[in-house]
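Undergrad: Just dropping this structure here.
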Amino acid sequence: MSKLGERLKIRSIVFLAGEALPFFWPMRTFTSRNPLHGLRSLPFREAVKLGEKYFKGKAFLSREQWVELLKKGRIKEEFVREEFEKFFGDKELAEGFLRFILNNPKLSPQSVNFVGSGILKDFFKEELELSRVRERLLRILKEEETLSEFVDKLYGTEITDEVNERLIRFCAAFLDEGQAVFELPYREEGFFKAWQKLSYSKDVFDSSEDALVFALKELGIPEELWEEQLRLELFKLRGWASFINWRSSNKFYYWQQIYPVDLVDYLAVRLLTYIDVAKEEGLPFTYKELFRLVEEKTEEVFLRRELNTGSVVPELVEEVEEVLKCKNPSEYFSHYAEAKAKFLSDKWEGYLLKLKEEGKLKIDLPKLYKLYRRFEEEEGFMWLRALERSYEERLLKGIKQNVDKVKKGEVQALFCIDVRSERFRRNLEELSDRYQTFGIAGFFGVPVSFIELEKGHETYLCPVIIRPKNVVLELMDKKLEPEIEELHKVSEKILKDLKNNVLTPYITVEAIGLLFGFDMIGKTFFPLAYAKLREKLFPKKEPRRLLIDKLTKEEAVKIVETLQHELIVFALEKELGLKSVPYYLIDRLRRIALEEIEDGETAKMLGITEERLKEFIHKLRKVYKIDRGYQQLYLEKLAKVGFTPHEKAFFVENALKSIGLTENFGKLVLVIGHGSTSENNPYESALDCGACGGDNGIVNARVFSAMANDKKVREILRSRGIEIPDYTYFVPGLHNTTTDEVEFYDTEDLPEEHKKLLEEVKKDFKVAGRRTALERSKAMPLGDCKTEEEAEKFVKTNSVDWTQVRPEWGLSGNYAFVIGRRELTEGLNLEGRVFLHSYDYRKDPKGLLLETILSGPMFVGHWINMEYFFSTTDNENYGSGSKVYHNVVGRIGVMTGNWSDLRMGLPSQTVFLDGKPFHEPIRLIVVVEAPLNLVQLVLKGVQVVRELVGNQWINFIVFDPEQKKFFKYLSGDWKEVGV
Amino acid sequence: MSQVELHKMKKLEIIVKGEDLQFVLDLLERAGVPGYTIIHNLSGKGSHGFHEGHLLFNEEDVLDMVVVVTDEEKSEAILEGLLPFFNKHSGVVFVSEVMVSRLQKFKTS
Chain B
302 MSKLGERLKI RSIVFLAGEA LPFFWPMRTF TSRNPLHGLR SLPFREAVKL GEKYFKGKAF
362 LSREQWVELL KKGRIKEEFV REEFEKFFGD KELAEGFLRF ILNNPKLSPQ SVNFVGSGIL
422 KDFFKEELEL SRVRERLLRI LKEEETLSEF VDKLYGTEIT DEVNERLIRF CAAFLDEGQA
482 VFELPYREEG FFKAWQKLSY SKDVFDSSED ALVFALKELG IPEELWEEQL RLELFKLRGW
542 ASFINWRSSN KFYYWQQIYP VDLVDYLAVR LLTYIDVAKE EGLPFTYKEL FRLVEEKTEE
602 VFLRRELNTG SVVPELVEEV EEVLKCKNPS EYFSHYAEAK AKFLSDKWEG YLLKLKEEGK
662 LKIDLPKLYK LYRRFEEEEG FMWLRALERS YEERLLKGIK QNVDKVKKGE VQALFCIDVR
722 SERFRRNLEE LSDRYQTFGI AGFFGVPVSF IELEKGHETY LCPVIIRPKN VVLELMDKKL
782 EPEIEELHKV SEKILKDLKN NVLTPYITVE AIGLLFGFDM IGKTFFPLAY AKLREKLFPK
842 KEPRRLLIDK LTKEEAVKIV ETLQHELIVF ALEKELGLKS VPYYLIDRLR RIALEEIEDG
902 ETAKMLGITE ERLKEFIHKL RKVYKIDRGY QQLYLEKLAK VGFTPHEKAF FVENALKSIG
962 LTENFGKLVL VIGHGSTSEN NPYESALDCG ACGGDNGIVN ARVFSAMAND KKVREILRSR
1022 GIEIPDYTYF VPGLHNTTTD EVEFYDTEDL PEEHKKLLEE VKKDFKVAGR RTALERSKAM
1082 PLGDCKTEEE AEKFVKTNSV DWTQVRPEWG LSGNYAFVIG RRELTEGLNL EGRVFLHSYD
1142 YRKDPKGLLL ETILSGPMFV GHWINMEYFF STTDNENYGS GSKVYHNVVG RIGVMTGNWS
1202 DLRMGLPSQT VFLDGKPFHE PIRLIVVVEA PLNLVQLVLK GVQVVRELVG NQWINFIVFD
1262 PEQKKFFKYL SGDWKEVGV
Chain V
2 MSQVELHKMK KLEIIVKGED LQFVLDLLER AGVPGYTIIH NLSGKGSHGF HEGHLLFNEE
62 DVLDMVVVVT DEEKSEAILE GLLPFFNKHS GVVFVSEVMV SRLQKFKTS
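This is the structure we're talking about:
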């Protein structure tokens, strides 16, 4: 195999190893995702098993926690009993087990102390038979532990920790984005090369691939195990590894462009570090050596592990230590095995006898042991299913009552599907019949790449799985100035102020580049200094105007010309010290740089030599980017600004159709996005709108409303069968989910009549908001408010208190996603725990809209649900631990304490209350109101959803409105569900 | 009639799921191929274009094909690189002999 072939092969292997790593997004756009997303094509059951292996994560609550949920009434005892009966196939056994568990939720064999008869010894002796032990150890060495872990467990060393710490320090230093005081040298050469230079002071390896292959061969790991071993290595610091993975797939991220890194680099550094650290210990550390040890000195390996993993029989600790010192483990082994077998037998005997007695079971102990071990494997699933069925029953019962409801309203209000909208919508509807509410993904179906004046870069306001194709610009103020002049003014202003700054020309150009910092060739530009400058230039006042119309070619050309013009003025002063150069000369220079004309007499006119002119032109092209290539790029970028009337109509039509709002429009249609406010909260993004990429939904609301109010758009919609009357106005608003206040925007141009109506609406919204706050505050600590006024004050304080670790419960408690008409769920108190997406199947004969909803918003809902699920079942391994110990790293993420893996998932405060789970881990219960055959048709076309359903990541229920029946997808088939 | 000089090269046609395209392109870049051609949306899904909005969420659910022409040595290395990948992912590679003029377009220094 050629060198190149070997390099490409190892890349491929690393890619495969890294696929199980969870997605990572920088904190500033925290988005919930399924930590096991990489394993989603496996059935849930298998995936969580692998999750245990790689993440060391539990997928189920403890028995104690389940029992508590049952005692609180969240789980119906009947369902638990049914699950047990199904498993045991025997009512008495099921009853017995249940009784025992309910009485002894905290008991486990480990906690029992009993002197028994040794009746179960044989089971354990079998496991402790030498060949079985050897087999198990080999399997562990090959595919369950990294070499460093294996050595640590063998000799009680701390090699893994040492390797981790060195890697963390290097990663933090290398990946720093301008926060560090002392910058790591050699970063431009890449992660591996920089490390190599710093560690060896010379280039030992030409590339990280070569280094990694070398390390793997040096450690003697057979090639067929490379992928698995590398995966295990990656998971030791999965936070950092995931971040590196994210960086390497975002080639245009500014920091990645200047200081590149990827997983091959990381693994090369990691394995070479391991070799260095392990060599210092002077113990066997290669796969070859360890393999030999396991094969030839099995007993010794076993006994050492017993000691170092805390599994040793307590009374025999000293004896074992002695034996290992004297080096005769093989003779001692059978004695130890016998003792351990008795030790385990006693514990189990004690435990099972109690079970037998309290459960009134008539089964002999060895049989009971075997049965119990099988039960243990299944227990978590049984409880989970019982919990899910309990919630399903409650939800479906409620829906069934509402099946025949039909509603019309004077004012329509569109809210995000987010669970927090449910409370507000319910309170609003209860307050007055005039409101008809709808649920739609909070970006209102319009994916937008937004350039905010202060930020100067693109922010994607849409679900993270989509890439927007249209750009929306924010303009300075609401005065009706021709856009060009305004853009001209802005660029002038930026340039004037930048001149007084110490920024280099490179940054200056990039900064101004394309006026509002469009990503150059798609990159995100983020230097801190520049960002700070922009914030100074554009202090936030009142809302600005959004540019959503397409620029004409002439306008775009004029903008680029203006930009180039300004740059040349700047350059003339900076490079040649020339000021007040007449316009016609500036234009000449511009056209020379663009190769449109020859330079002729220009040098003379400027009063400089031909040489200097040539130099200058060269600089204009290379440094100031005034050349044909960039010209084209700028124009292409500007072409992405705004939407054509047809595009606008398309988005509006799709959105309205998907929620079933295509007729009976009232005078006002309120389009309400949401966001949250909190202080000192790195997880702020997690409380914002997931559908908007972890940002606040007001921009999308404003864009959507502007489009829907556009006369040309309405004409097009009319031609397509959607008649929006002239008296209907769309008004954007923002629901603050921390304070439950709703603010409306862009209302200046409403006619008087509508303004009056809006005033009444505002009053109603205020009342609904306070009622919602009161409801919510009851679930929060210290939130025992008696009146609405108290609640209002309470929630407002939360939003500004920087010591508040829990400004709101957010999406904690989420358990279901209902797709259908609002009437189905109207009036049901869903406690702010259900995603509600409006949908009218009668307007969707081909099922295309349903397909969009399922593969988009529902999919995002599933991700959120899984994030909360796993952060609850195992907050240390799937979540990010307590906020109190979090240290923010640059703007990337958080660590626990000073040096740790980057934490992912949700903090404990989000899902726990006083040490107990507040969120209940339930796989999303999806209910779709549509004819069964339509749903089946749709699922055929959407693989991602089909996978979720088939692999049991979600509970999928269809309410067929024509047959008036409920169907659930169970074990490959649709079964009718009686409600 | 003028003679056009033709040179023998290898053509690789790599078909993968949309979500895996980036990996393949990355591999080709690292192999140092000067260029390649991408054909999108082979499955017929997603070729509905703008008006049906199918592509809105399903951008990953399509098939793409990458066509690259290169010399024997490089093509072998690329195949070696793709082997582990295809052990776990759906997709295919077709290798064929092909003739090209303008050799300089297909070789890197």
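Chains B and V are the protein sequences, given in the same order.
Sequential numbering of the first sequence, starting at 302, is according to this note's numbering.
Sequential numbering of the second sequence, starting at 2, is according to this note's numbering.
All C-beta atoms in this analysis are idealised placements derived from N, C-alpha and C, irrespective of residue type, glycine included.
1. Just to confirm before moving on: does the CB-CB distance between B/P1218 and B/D1261 stay below 7 Å?
2. What are the boundary residues of the beta strand (DSSP E) that B/S500 is part of?
3. Pull the bridge partners of B/S750 from the DSSP assignment, please.
4. What number of angstroms, rounded off, separates the C-alpha of V/G54 from the C-alpha of B/E680?
5. Which residues bound the beta strand (DSSP E) around V/V68?
6. For chain V, find out if any of its Cβ atoms is closer than 7 Å to the Cβ of B/G1206; answer yes or no.
7. Could you have a look at B/M906 and say whether DSSP puts it in helix, strand or coil?
8. Is it buried or exposed, B/C1318, if we count other Cβ atoms within 10 angstroms and call 16 or more buried?
9. What's the gap between the Cα of B/R571 and the Cα of B/R467?
10. Would you mind reading off the limits of the beta strand (DSSP E) that contains B/H1138?
11. At which residue ranges does the stretch 1138-1181 of chain B contain complete beta strand (DSSP E) runs of 3 or more residues, listed in the order of the chain?
12. Starting from the C-beta of B/N1037, find all residues in its chain whose C-beta is less than 8 Å away, skip the five residues before and the five after it, and write them out in chain order.
13. Mark V/M100 as exposed unless 16 or more other C-beta atoms lie within 10 angstroms of its C-beta, in which case mark it buried.
14. By a C-beta neighbour count over all protein chains shown, 10 Å radius and 16 as the cutoff for buried, is B/W1164 buried or exposed?
15. To the nearest angstrom, report how far apart B/V416 and B/K648 are at their CA atoms.
16. With a threshold of 16 other CB atoms inside 10 Å of the CB of B/W1200, please say whether the residue is buried or exposed.
17. Report the start-end ranges of each alpha helix (DSSP H) in the stretch 937-977 of chain B that is 4 residues or longer and not cut off at the edges.
18. Using the Cβ count rule (16 or more neighbours within 10 Å means buried), how would you classify B/V707?
19. Under 7 Å between the Cβ atoms of B/F1066 and B/V972?
20. Between B/P323 and B/P336, what straight-line distance do the alpha-carbon atoms span, to the nearest angstrom?
21. Relative to the alpha-carbon of B/N1130, which residue among B/Y673, B/R1077 and B/Y670 has its alpha-carbon at the smallest distance?
22. Could you check if V/V99 belongs to the surroundings of the ligand GDP, using beta carbon to heavy atom distance under 6 Å?
23. Rounded to a whole number of angstroms, what is the C-alpha to C-alpha distance between B/S449 and B/L370?
24. Rounded to a whole number of angstroms, what is the C-alpha to C-alpha distance between B/D1175 and B/R1247?
25. How about V/E6: is its C-beta nearer than 7 Å to some C-beta of chain B?
26. Whole angstroms is fine: what's the gap from B/R675's alpha carbon to B/E1177's?
27. So, with DSSP's three-state summary, where would you put B/C990?
28. Cα separation between B/F1171 and B/K310?
29. Hey, out of V/I15, V/H41, V/V93 and V/Y37, whose CA is closest to V/K108's CA?
30. Is it the case that the stretch 1118-1132 of chain B contacts the stretch 1004-1013 of chain B, given that we only count it when at least three CB pairs across the two stretches are under 8 Å?
31. Please name the residue in B/R437, B/R532 and B/P585 whose C-alpha comes closest to that of B/T458.
32. Report the partner residues of B/V1195 according to the DSSP bridge assignment.
33. Beta strand (DSSP E) containing B/G740: first to last residue?
34. Under 8 Å, CB to CB, which of the residues in the stretch 1001-1021 of chain B have a partner in chain V?
35. Pick out the complete alpha helix (DSSP H) segments inside the stretch 1062-1124 of chain B, 4 residues or longer, and give them in chain order.
36. Verify whether the separation of the beta carbon atoms of B/T574 and B/V464 is less than 7 Å.
TA: Quick look at the numbers:
1. B/D1261 sits away from B/P1218, with the two beta carbons spaced by 7 Å or more.
2. Looking at the DSSP string, B/S500 is not in any beta strand (DSSP E); the run it does join, the alpha helix (DSSP H), is F492 to Y501.
3. For B/S750, DSSP records a beta bridge to B/Y761 and B/V772.
4. For V/G54, the pLDDT reaches just 31, beneath the cut-off of 50, and the residue's location in the model is therefore unreliable, although a value from the coordinates is still provided. Taking the straight line joining both Cα atoms gives about 44 Å.
5. L64 to T71 is the span of the beta strand (DSSP E), which, as asked, contains V/V68.
6. Chain V, which has no Cβ nearer than 7 Å to the Cβ of B/G1206, makes this no.
7. If DSSP states are grouped into helix, strand and coil, B/M906 belongs with the helices.
8. The displayed coordinates of chain B run from 302 to 1280. Any statement about residue 1318 of chain B would go beyond what the structure contains.
9. Counting only the Cα atoms, B/R467 lies some 9 Å from B/R571.
10. Counting along the chain, the beta strand (DSSP E) containing B/H1138 begins and ends at V1135 to S1139.
11. Segments of the beta strand (DSSP E) lying fully in the stretch 1138-1181 of chain B: there are none.
12. Leaving aside the five residues that flank B/N1037 on each side, the residues in its chain whose CB is nearer than 8 Å to its CB run, in chain order, H975, G976, S977, T978, V1043, E1044 and S1100.
13. Its Cβ having fewer than 16 others within 10 Å, V/M100 is exposed.
14. It is buried - the Cβ of B/W1164 has at least 16 other Cβ atoms within 10 Å.
15. B/V416 and B/K648 have their C-alpha atoms some 8 Å from each other.
16. Counting Cβ neighbours within 10 Å, B/W1200 comes out exposed, since fewer than 16 surround it.
17. Inside the stretch 937-977 of chain B, DSSP marks whole alpha helix (DSSP H) runs of 4 or more residues at positions 946-960, from first to last along the chain.
18. Per the 10 Å Cβ criterion, exposed.
19. With a cutoff of 7 Å on beta-carbon distance, B/F1066 and B/V972 are scored as not near each other.
20. Spanning the alpha carbons of B/P323 and B/P336 requires a straight line of approximately 5 Å.
21. Measuring from the Cα of B/N1130, the nearest candidate turns out to be B/R1077.
22. This structure lacks the ligand GDP; in fact it carries no ligand of any kind.
23. Whole-angstrom Cα-Cα distance: 40 Å.
24. If you take the alpha carbons of B/D1175 and B/R1247, they lie about 27 Å apart.
25. No, because no Cβ of chain B sits closer than 7 Å to the Cβ of V/E6.
26. Taking the straight line from one Cα to the other gives about 27 Å.
27. The answer is strand: DSSP assigns B/C990 an E or B state.
28. Just so you know, the alpha carbons of B/F1171 and B/K310 end up roughly 34 Å apart.
29. Nearest of V/I15, V/H41, V/V93 and V/Y37 to V/K108, Cα basis: V/Y37.
30. No, because fewer than three Cβ pairs between the stretch 1004-1013 of chain B and the stretch 1118-1132 of chain B fall closer than 8 Å, the two stretches do not touch.
31. With distances taken between Cα atoms, B/T458 lies closest to B/P585.
32. Checking the DSSP bridge columns, you'll see B/V1195 partnered with B/V1189 and B/R1204.
33. Y736 to I741 is the span of the beta strand (DSSP E), which, as asked, contains B/G740.
34. Closer than 8 Å at the C-beta level to chain V, one finds no residue of the stretch 1001-1021 of chain B.
35. Those alpha helix (DSSP H) runs which fall completely within the stretch 1062-1124 of chain B and span 4+ residues are 1089-1101.
36. In this structure, the beta-carbon distance from B/T574 to B/V464 falls below 7 Å.
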